[in-house]
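Colleague: Would you mind keeping the following structure in view while I ask a few things?
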Amino acid sequence: MSYTVPYSFDIFYQNINLSGNHRESANRRKDHIVGLLKKSLEVLDAFSSGSIPRYTALKEHADLDIIVVLHYSKYIKDKKPSEVLQEVRDTLGVYKTNVRKNGQAVTLYYETWPNVDIVPCCRNVDDKGNVTSYSIPDMNTETWIKSRPKSHASNINLRSSHCGENFRKLITMIKHWNKTHGSYLQSYHIEALCLETFYVPMKDLSWEIFTFFDTASKLIDRYLWYEGDVVDNYLNYETRQEVKRRLESARDKASTAWWWTYGNKNNNEEAIKIWRQIFGDKFPRYG
């Protein structure tokens, strides 16, 4: 229960955010997985990725990504993504595993949180031998996708430093909105949309959430290029149109909610009621 919109957003964020520094736990899981894989595979490098180390993770919905760099000639060359993912699963044979829905990782299930998504990949280098990107598998299309996870993490850090703490807060809130409205958007896509939307210091979450929905509802009309690749080609036409409809609905509601507390208007009760319609039961009631 709360009486003002700013306080309501604070409570909402506490309700959905995965608080604390989980990097130590992530590193332990990484070391454990590398130890298992090295029994059969030549692992050149491994590092944690995903929303947990980027501090944009949802409570109760966050898994840990471990990027595992394999020897190209031995494990990647002339192989389909499905074959590489299966080889990783075979190496972890006695453990409970599955292929992630997007076809890009093998999920290793632990008795305690978090489960781990293992992303096998190979390095792409320039003429000087510098790593420019990684090729990760997409079993659903049997293609290799270029990914720059370290660069993306750096982009999130830099933009958060410039825009302020609301940048990461908003990303987490939008991920929750996505979860409560069909989970049509991938987490990485949401982060790319936020990077495309916000460039200046963020001081009013009500306005900034409206701005996100307004901008995203237009960006969804076309492919979104980020870090040299299209990040939303997993959406077919019908799904894209459904996402657009939901973004526009959220945009219109967010505009009205913002208006109720704009200027001399101070109708926090009506605004909170609408924000709760947008974000669901995790957003506190008025009172």
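Following the working numbering, the numbering of the sequence shown begins with 15 at its first residue and continues without gaps. Cβ coordinates follow ideal geometry from the N, Cα and C atoms, glycine included.
1) Please report the distance separating the alpha-carbon of S96 from that of D59.
2) Kindly indicate which residue of N138, D79, R236 has the alpha-carbon position closest to the one of T253.
3) Where do the ends of the beta strand (DSSP E) carrying F61 lie?
4) Is Q118 buried or exposed, if buried means 16 or more other CB atoms sit within 10 Å of its CB?
5) In the structure shown, what three-state DSSP assignment does P134 receive?
6) Could you check whether E241 and S161 sit closer than 9 Å to each other, using their CB atoms as the reference points?
7) Looking at the strands, I want to know which residues DSSP matches up with W239.
8) Taking only runs of the alpha helix (DSSP H) that begin and end inside the stretch 218 to 291, which ones reach a length of at least 4 residues, in chain order?
9) Nearest-angstrom Cα distance between R302 and I132?
10) Please report the distance separating the alpha-carbon of V244 from that of G301.
11) Taking only beta-carbon atoms, is V120 less than 9 Å away from chain B?
12) Using the DSSP secondary-structure output, state which residues sit across from L50 in a beta bridge.
13) In chain order, what residues of the same chain have a beta carbon less than 7 Å from the beta carbon of Q291, not counting five sequence neighbours either side?
14) How would you call T146, buried or exposed, if buried means at least 16 neighbouring beta carbons within 10 angstroms?
15) Per DSSP, N112 is paired with what?
16) How big is the Cα-Cα spacing for R43 and N35?
17) Indicate the three-state DSSP secondary structure (helix, strand or coil) for I80 in the structure shown.
18) Going by DSSP in three states, P151 sits in which element: helix, strand or coil?
19) Under three-state DSSP, which class holds W127?
Modeller: By the coordinates alone:
1) Position 82 of the sequence shown holds residue 96. Position 45 of the sequence shown holds residue 59. When rounded, the distance between both Cα atoms is 21 Å.
2) Taking the first residue of the sequence shown as position 1, residue 253 is located at position 239. Nearest option by C-alpha distance: R236.
3) By 1-based counting over the sequence shown, the position of residue 61 is 47. Boundaries of the beta strand (DSSP E) around F61: 57 to 63.
4) Numbered from 1 along the sequence shown, position 104 holds the residue referred to as residue 118. By the 10 Å Cβ count, Q118 comes out buried.
5) Here residue 134 corresponds to residue number 120 of the sequence shown, with the count starting at 1. Strand, per DSSP.
6) The residue given as residue 161 occupies position 147 in the sequence shown. The residue given as residue 241 occupies position 227 in the sequence shown. Going by C-beta atoms, S161 is nearer than 9 Å to E241.
7) Indexing the sequence shown from 1 puts residue 239 at position 225. Bridge partners of W239: V244.
8) 219 to 233, 251 to 273
9) Nothing can be reported for residue 302, as the shown portion of the chain is limited to 15 through 301.
10) Indexing the sequence shown from 1 puts residue 244 at position 230. Indexing the sequence shown from 1 puts residue 301 at position 287. Approximately 44 Å, taken between the alpha carbons.
11) In the structure shown, chain B cannot be found, because there is only a single protein chain.
12) Numbered from its first residue, the sequence shown carries residue 50 at position 36. BP columns for L50 are empty, so no partner.
13) To locate residue 291, count along the sequence shown from 1; it is residue 277. Closer than 7 Å at the Cβ level, and outside the excluded window around Q291, lie K267.
14) Within the sequence shown, numbered from 1, the residue matching residue 146 stands at position 132. With fewer than 16 Cβ atoms within 10 Å of its Cβ, T146 is classed as exposed.
15) Residue mapping note: residue 112 aligns to position 98 of the sequence shown, counting from 1. Answer is T121.
16) Reading the sequence shown from its first residue, position 29 is the one you call residue 43. Reading the sequence shown from its first residue, position 21 is the one you call residue 35. One C-alpha to the other measures close to 14 Å.
17) Numbered from its first residue, the sequence shown carries residue 80 at position 66. Of the three classes helix, strand and coil, the one that applies to I80 here is strand, per DSSP.
18) One-based indexing of the sequence shown puts residue 151 at position 137. Reduced to three states, the DSSP call for P151 is strand.
19) As a first step, residue 127 must be located in the sequence shown, where it is residue number 113. Reduced to three states, the DSSP call for W127 is coil.
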